[in-house]
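Read the structure below first, then the notes.
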Ligand code: ADP
Ligand code: MG
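Numbering (the working numbering), first residue to last: 125 to 782.
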């Protein structure tokens with residue numbers, strides 16, 4: 125038998141290694157932009173074609189490379205940024221591993237043009253499959269241009285794995301925004317298929333935030349700035365009123381590097397406590413600068429997660445800094461945060477946040493208004509209830525209690541299982557971003573209520589009796605949230621919002637290409653001005669939204685006109701509905717692996733469901749309950765929350781020790 129172990133050729137080894145660094149066009153964008161920043165550029169242009177699948181080009185006016193460096197830069201572990209292992213703990217540059225260009229050269233066709241100021245001619249190099257195809261001197265401006273063509277041309281399996289152009293473009297825009305936000309004194313532009321999407325002049329951080337995230341934030345940013353010997357924090361947080369129903373514009377940068385940190389996110393959120401609705405998310409763009417030796421940026425291959433030497437200090441500091449800023453803003457709402465920074469350093473502004481101030485803040489009209497925001501209208505269910513099969517159930521099942529056999533109550537058990545499965549699935553999917561288990565004590569924020577109590581009332585030894593709503597007993601609404609519904613087995617407590625969410629969700633699922641939802645044309649069509657990010661998303665969703673009853677048309681320049689909304693939706697706040705919808709959709713798109721349509725269905729169901737605080741007439745409650753039990757799976761929302769909790773008669777008896 126011959127020996128069987130052999131060394132892989134370099135280009136294949138490189139392709140394999142590249143998998144870790146370059147997963148999609150956006151990963152290459154990140155690496156190339158960071159290299160341009162590291163090269164000291166003051167102007168960086170990003171050009172993409174076909175969502176980066178055909179072309180990603182980054183042109184900078186940085187320091188350029190010598191002829192030898194231009195060849196070297198494509199070697200694995202070729203870097204100018206560290207020399208010895210200790211350098212890792214002093215790192216101030218974005219890159220340092222020397223892997224990015226080697227990886228890119230392994231999976232795409234690359235053209236590099238570069239020149240240093242001190243050289244009279246520049247260098248042009250073509251690389252393909254990790255091999256130099258061509259090299260020649262060239263006339264060029266100082267700086268570097270990397271053009272990366274046909275990503276994964278030599279790995280068709282990976283190329284096929286890429287998502288739709290809209291999705292890949294969104295990832296690219298996300299990366300672009302992260303870099304653009306952290307370097308407001310660098311000019312950035314992004315053109316896609318020859319059309320400029322971003323043109324970001326150099327300016328202050330605040331100007332950059334507004335340029336990137338939208339004009340609506342202009343007057344709604346609160347400055348955060350605290351300095352200590354150990355670390356500095358600066359940036360902006362949104363006034364409480366900017367809080368959205370979904371995690372959207374939230375950015376942390378540590379030493380100018382974008383990071384994800386549920387832990388620090390929690391610190392910010394806790395600073396907003398009692399100023400915003402518990403399930404809403406404020407904008408923040410926060411920069412933490414500290415001695416690089418106090419952070420380990422090396423934990424995650426794509427460097428979005430970091431470890432702090434002393435996490436608790438950073439947490440407390442972030443929380444205090446944000447709290448402090450918000451307190452200033454709430455107590456003195458007239459304070460203009462464009463003021464000269466010297467004024468903002470005054471004692472009156474910097475003095476600690478006292479209990480009195482806190483009280484003043486929470487009794488301000490602004491604070492009070494929060495609790496009233498996001499209230500949706502009630503949708504009058506239009507379907508005539510089809511009670512027939514319910515009657516059948518009722519009549520068939522309404523035998524004397526205990527008349528069944530002694531098997532475990534299967535339907536309840538299934539409901540419980542189903543609920544748990546959904547919940548744990550959702551938890552798993554949420555993990556990367558979520559405030560989940562890894563956070564120990566901090567799990568309450570942002571997570572949905574556990575399905576724990578759901579179905580917990582099933583007691584063994586119960587007859588297998590189909591749950592049937594008693595259609596003669598009156599329904600009672602409690603706290604404008606719950607509906608008490610008498611059944612053949614006891615009663616169920618229905619959560620009006622979650623139940624409605626299930627009903628709507630199934631309705632949307634049924635709307636197909638052939639059967640669109642009825643639209644009501646608006647008398648006064650509303651124009652919607654979106655950020656570039658959202659406009660890309662809207663273009664992607666428009667077709668499906670039309671099917672679902674939202675008639676939205678492009679109006680040029682990131683504007684859209686809402687021509688109509690679903691017929692059973694009250695007209696008047698179309699704009700807010702669509703904006704919230706996009707936010708909710710983005711929330712799903714980050715982690716969950718659902719189809720576009722599934723995400724839309726869920727977002728719309730969430731969006732349109734009647735909210736707690738809506739009082740319902742007997743008739744409205746009845747038709748909600750009818751609709752709910754006509755659903756394929758009435759007991760949970762698509763997101764896995766229980767829609768009702770059952771209280772069985774014999775369980776109640778046990779409670780009363782009968
Ligand atoms: P790293 O950034 O981790 O050092 P890369 O593979 O991204 O590794 O880049 C390798 C080297 O190529 C860099 O260290 C830098 O010296 C050089 N380089 C890359 N991009 C540029 C650029 N745009 N301008 C000047 N030099 C560059
Ligand atoms: Mg790099």
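Where is the CB? At the ideal position from N, CA and C, for every residue including glycine.
### Query
Taking one C-beta from the segment 643-653 and one from the segment 281-292 each time, how about it: are there three or more such pairs within less than 8 Å?
no
### Message
For the ligand MG, I want to know if residue 226 counts as a neighbour, meaning its beta carbon is within less than 7 Å of at least one of the ligand's heavy atoms.
### Response
no
### Task
Quick one: residues in its chain with C-beta nearer than 6 Å to the C-beta of residue 675, no 5 flanking neighbours on either side, listed in chain order?
643, 687 and 688
### Task
Note down, one range per segment and in chain order, each alpha helix (DSSP H) of at least 4 residues found wholly within the segment 643-672.
656-671
### Message
So the candidates are 764, 663, 627 and 679; which of them puts its Cα closest to the Cα of residue 732?
### Response
627
### Task
Please find out if some non-hydrogen atom of the ligand MG comes closer than 7 Å to the beta-carbon of residue 219.
yes
### Query
Hey, quick one: how far does the alpha helix (DSSP H) through residue 284 stretch, first residue to last?
280-285
### Task
Alpha carbon to alpha carbon, how far is residue 246 from residue 667? Give it in angstroms, no decimals.
48 Å
#### Entry: residue 202 beta carbon less than 8 Å from that of residue 184
no
### Query
What do you get for residue 719, buried or exposed, if any count of 16 or more other CB atoms within 10 angstroms of its CB means buried?
exposed
### Message
Excluding the 5 residues flanking residue 652 on each side, which residues of the same chain have their C-beta closer than 7 Å to its C-beta?
### Response
683, 684, 686, 699 and 702
### Message
Count Cβ pairs between the segment 305-314 and the segment 265-275 that sit closer than 8 Å; are there 3 or more?
### Response
no
### Task
Given a cut-off of 8 Å, decide if residue 375 and residue 392 are closer than it, judged by their beta-carbon atoms.
no
### Message
Suppose contacts are defined by Cβ-Cβ distances below 8 Å. Is residue 328 in contact with residue 175 by that definition?
### Response
no
### Query
Exposed or buried, what is residue 630 when buried is set at 16 or more other beta-carbons lying within 10 Å of its beta-carbon?
buried
### Contact check, residue 433 vs residue 387, beta carbons under 8 Å
no
### Query
How would you write the range of the beta strand (DSSP E) that residue 234 sits in, first residue to last?
233-239
### Message
So for residue 377, helix, strand or coil by DSSP?
### Response
strand
### Task
Let me know the secondary structure DSSP gives residue 453 once reduced to three states.
helix
### Task
Count the other C-beta atoms from every protein chain shown that fall within 10 angstroms of the C-beta of residue 200, then say buried if there are 16 or more, exposed otherwise.
buried
### Message
Once the 5 residues before and after residue 726 are set aside, which same chain residues still bring their CB inside 7 Å of it?
### Response
629, 712, 762 and 763
### Message
In the DSSP output, which residue or residues are listed as bridge partners for residue 690?
### Response
643
### Query
Do residue 271 and residue 179 come within 8 Å of each other at the CB atom, strictly closer than that value?
yes
### Task
From the DSSP output, in three-state form, read off residue 203 for me.
coil
### Task
Verify the contact flag: residue 440, CB atom, against every heavy atom of the ligand ADP, threshold strictly below 7 Å.
no
### Selection from 324, 357, 208 and 365 that minimises the alpha carbon distance to residue 343
365
### Query
Roughly how many angstroms separate the alpha carbons of residue 417 and residue 218, rounded to a whole number?
15 Å
### Message
Extract the residue ranges of the alpha helix (DSSP H) inside the segment 308-353, only unbroken runs of 4 or more that lie entirely within it.
### Response
329-337
### Query
Helix, strand or coil: which one does DSSP assign to residue 679?
coil
### Message
Rounding to the nearest angstrom, what Cα-Cα distance links residue 691 and residue 639 in this structure?
### Response
14 Å
### Task
Assign residue 257 to one of two classes, buried (16 or more other C-beta atoms within 10 Å of its C-beta) or exposed (fewer than that).
exposed
### For residue 340, the nearest candidate out of 355, 363 and 359 (CA to CA)
363
### Query
How many Å lie between residue 784 and residue 233 at the Cα?
With the chain running from 125 to 782 in the structure shown, residue 784 is simply not present.
### Query
Measuring from the CB of residue 184, is there a heavy atom of the ligand ADP at a distance below 7 Å?
yes
### Task
Find out if the Cβ-Cβ distance for the pair residue 348, residue 254 is shorter than 8 Å.
no
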